[in-house]
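Residue numbering for the sequence shown is 746 to 919, as defined by this note's numbering. Positions of the beta carbon are idealized from the N, C-alpha and C atoms, including for glycine. A short write-up of the structure that comes next.
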Amino acid sequence: MAGYRKLGRTTSQRKAMLRNQVTSLLCNGKIVTTEARAKEVKKIAEGLIAMAVKEKDNFETVTVKAKVARKDKDGKRVKEVVDGKKVTVYDVVDKEIKKDMPSRLHARKQMMKVFYNVKTTGAKKKDTKVVDMPAKMFDEIAPKYVNRNGGYTRIIKIGPRKGDAAMEVLLELV
Numbered sequence: 746m747a748g749y750r751k752l753g754r755t756t757s758q759r760k761a762m763l764r765n766q767v768t769s770l771l772c773n774g775k776i777v778t779t780e781a782r783a784k785e786v787k788k789i790a791e792g793l794i795a796m797a798v799k800e801k802d803n804f805e806t807v808t809v810k811a812k813v814a815r816k817d818k819d820g821k822r823v824k825e826v827v828d829g830k831k832v833t834v835y836d837v838v839d840k841e842i843k844k845d846m847p848s849r850l851h852a853r854k855q856m857m858k859v860f861y862n863v864k865t866t867g868a869k870k871k872d873t874k875v876v877d878m879p880a881k882m883f884d885e886i887a888p889k890y891v892n893r894n895g896g897y898t899r900i901i902k903i904g905p906r907k908g909d910a911a912m913e914v915l916l917e918l919v
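This is the structure we're talking about:
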């Protein structure tokens, strides 16, 4: 018996579909899909959440100096004339950043192999933001499941789909 369901698709199609559904589940918190797909997505998602819980606090905070453009009251960059050219004025500031330890960095890269890029849209086109999914996993999702040993997702049956009578389920984070 195979270790996974083939879901009636070629390998590349199946991997792409599962990546898409795992990304949607962990970004939105729930998805509606068929029962067979949900069971496959659940395996992958629970592994990623377990990895995030394990590596949640495995970083160090480092202070670095960074050049930041000076801005005026309207939020535009301040420019001054040097040798007949307009040049942006920069200030040096101290910033604290999180530096991943090697095992957390490895976990982050393993997650990036699964996740697709996620963009959230705002009211306007320019309000679109890219979501850093591994950071979301470490900062938002993992702290919810620290005291839980597995079982991070739940499958709730909805009923048969109208077109082909496939059992539809709601897969959600607990």
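Taking residue i and residue j to be in contact with their CB atoms under 8 Å, please state how far apart those CB atoms are, rounded to whole angstroms.
i	j	result
N862	V875	6 Å
A811	K840	5 Å
Determine the direct distance from the alpha carbon of residue j to that of residue i, and round the result to whole angstroms.
i	j	result
M796	I901	24 Å
L850	N894	23 Å
N773	I903	18 Å
T873	T866	4 Å
I794	V838	35 Å
A747	M846	36 Å
E689	K821	The chain is shown only over 746 to 919; residue 689 falls outside these bounds and no answer can be derived.
A852	N803	11 Å
G922	K870	Outside the displayed span of the chain (746 to 919) sits residue 922, for which this structure offers no information.
L752	R759	7 Å
D911	K784	The sequence given here places Ala at residue 911; Asp does not occur at that position. Roughly 14 Å separates the two Cα atoms.
Which residue or residues does DSSP assign as beta-bridge partners of residue i?
i	result
G820	None; G820 has no bridge partner.
E885	For E885, which the question treats as bridged, DSSP gives no partner whatsoever.
G904	E913
F804	D845
K810	D839
L763	In the DSSP output, where bridge partners are listed per residue, L763 has none listed.
K864	V875
Please return the same chain residues whose Cβ sits closer than 7 Å to the Cβ of residue i, not counting the five positions on each side in sequence.
i	result
I776	Q766, S769, L770, L916
D857	Inspection of the sequence shows that residue 857 is occupied by Met rather than by Asp. Cβ neighbours of M857 beyond the five flanking positions: P879.
V798	A887, Y890, V891
Going along the chain, which residues of its own chain have a beta-carbon closer than 8 Å to the beta-carbon of residue i, five neighbours each way excluded?
i	result
T703	One cannot answer for residue 703 here, as it falls past the ends of the chain, which runs 746 to 919.
Task: Touch test, the segment 853-862 against the segment 819-836, Cβ-Cβ under 8 Å, three pairs minimum - done: no
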